[in-house]
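For reference, each letter of the sequence shown is one residue, going 0 to 208 in the numbering used here. Accompanying notes for the structure given below.
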Amino acid sequence: MNINTNHSVIKGILPILFFTIAFSAFSQESDFNVSMLEHQAVYRGLINQIEINTTEDTSSFIVRCPNCITFEKGSEMYTYNVHPGKGKYVEILITRKDSTMIHSHKIPVLYLPDPVLFYGAVKSGNKCTPEAAVFFAKYPPQMNLTAEFEVVKWNVSIGNESFAGEGKTLSKEAQEHLKSIEGNVTFSVLAIVKGQDGINRKIGGAFSL
0 MNINTNHSVI KGILPILFFT IAFSAFSQES DFNVSMLEHQ AVYRGLINQI EINTTEDTSS
60 FIVRCPNCIT FEKGSEMYTY NVHPGKGKYV EILITRKDST MIHSHKIPVL YLPDPVLFYG
120 AVKSGNKCTP EAAVFFAKYP PQMNLTAEFE VVKWNVSIGN ESFAGEGKTL SKEAQEHLKS
180 IEGNVTFSVL AIVKGQDGIN RKIGGAFSL
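Put into structure tokens, the structure is as follows:
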């Protein structure tokens, strides 16, 4: 075989070799994917569940999250519990036992959405009874999201009267005033609530008697 023929053979082999190496690297990368389980995002202050989607056995790789507060294996195989730190995203790193990188995945970290104000068991916008006397801030069932919120303080306006207090319990004075009202009356509430993400929010609500 002459030199020109050898050169032609090498030119033909190189693209195939390059494609084989590239495809092998891509295949290894594409064997792993990270998906959310409970929510469609990672929420600050919550323990969020993710799942590693792969056909490989869990003994063949290691999953880490360097910028998480805590990162632990979940109750099911391939699941992990993510407690995000202060950054704008969490980075999930998947490596071999020898530290060879297989896959990395960044997930944005979101603050919790605003909750809805409740007076007792009654959601804002509905009819209540004065006896409830306690404010709550939470998510309605259709949001499929659970987080704890602390009512820090509140302000209630009833006609020309207004009452203010700290904590979740309506003051005795405000309770007595609500009980003394006759007829259909709507009172408004402005509450400061603190979420698990550490953010204080102003949440408004209105209830009818």
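All C-beta atoms in this analysis are idealised placements derived from N, C-alpha and C, irrespective of residue type, glycine included. These numbers come from a predicted model, not from an experiment.
Practice prompt. Decide if Pro83 is buried, meaning its Cβ has at least 16 other Cβ atoms within 10 Å, or exposed.
Written response: Burial state of Pro83 is buried, judged by a 10 Å Cβ sphere holding 16 or more other Cβ atoms.
Worksheet item: Are Tyr138 and Ala146 close, meaning C-beta to C-beta below 8 Å?
Response: Closer than 8 Å, so yes.
Worksheet item: Can you give, in chain order, each stretch of the beta strand (DSSP E) that sits fully within the segment 105 to 168 and has at least 3 residues?
Response: Counting only runs of 3 or more residues that sit fully inside the segment 105 to 168, the beta strand (DSSP E) segments are 115 to 118, 134 to 137, 148 to 157 and 160 to 165, in chain order.
Worksheet entry | Buried/exposed call for Pro129, threshold 16 Cβ in 10 Å | Pro129 comes out buried.
Worksheet entry | Start and end residues, beta strand (DSSP E) containing Gln48 | For Gln48, the enclosing beta strand (DSSP E) has its first and last residue at Asn47 to Asn52.
Discussion item. Measuring CB atoms only, is the segment 98 to 109 touching the segment 39 to 53, in the sense that at least three cross pairs come out at less than 8 Å?
Written reply: Cβ pair count under 8 Å is three or more, so yes.
Practice prompt. Would you mind working out which of Pro65, Phe162 and Lys152 sits nearest Gly86, comparing C-alpha positions?
Written response: The closest CA to that of Gly86, considering only Pro65, Phe162 and Lys152, is found on Pro65.
Worksheet entry | Cβ distance (whole Å) where Gly194 is taken to contact Phe134 below 8 Å | At roughly 15 Å, the Cβ-Cβ gap does not stay under 8 Å, so Gly194 and Phe134 are not in contact.
Discussion item. If you reduce the DSSP assignment to three classes, tell me which class Gly182 lands in.
Written reply: If DSSP states are grouped into helix, strand and coil, Gly182 belongs with coil.
Worksheet entry | At least three beta-carbon pairs within less than 8 Å, the segment 111 to 120 to the segment 46 to 54 | Under the three-pair Cβ rule at 8 Å, the segment 111 to 120 does not count as touching the segment 46 to 54.
Practice prompt. With Asn66 as the anchor, note down where its beta strand (DSSP E) starts and where it stops.
Written response: Segment: none, Asn66 is in no beta strand (DSSP E) and carries neither H nor E.
Item to complete: Assign Ala163 to one of two classes, buried (16 or more other C-beta atoms within 10 Å of its C-beta) or exposed (fewer than that).
Response: By the neighbour-count rule (16 or more Cβ atoms within 10 Å), Ala163 is not buried but exposed.
Worksheet item: Using the rule of at least 16 other Cβ atoms within 10 Å of the residue's Cβ for burial, across every protein chain shown, is Gly158 buried or exposed?
Response: Exposed: under 16 other Cβ atoms inside 10 Å.
Worksheet item: Roughly how many angstroms separate the alpha carbons of Asn183 and Gly197, rounded to a whole number?
Response: Going from the Cα of Asn183 to the Cα of Gly197 covers about 38 Å.
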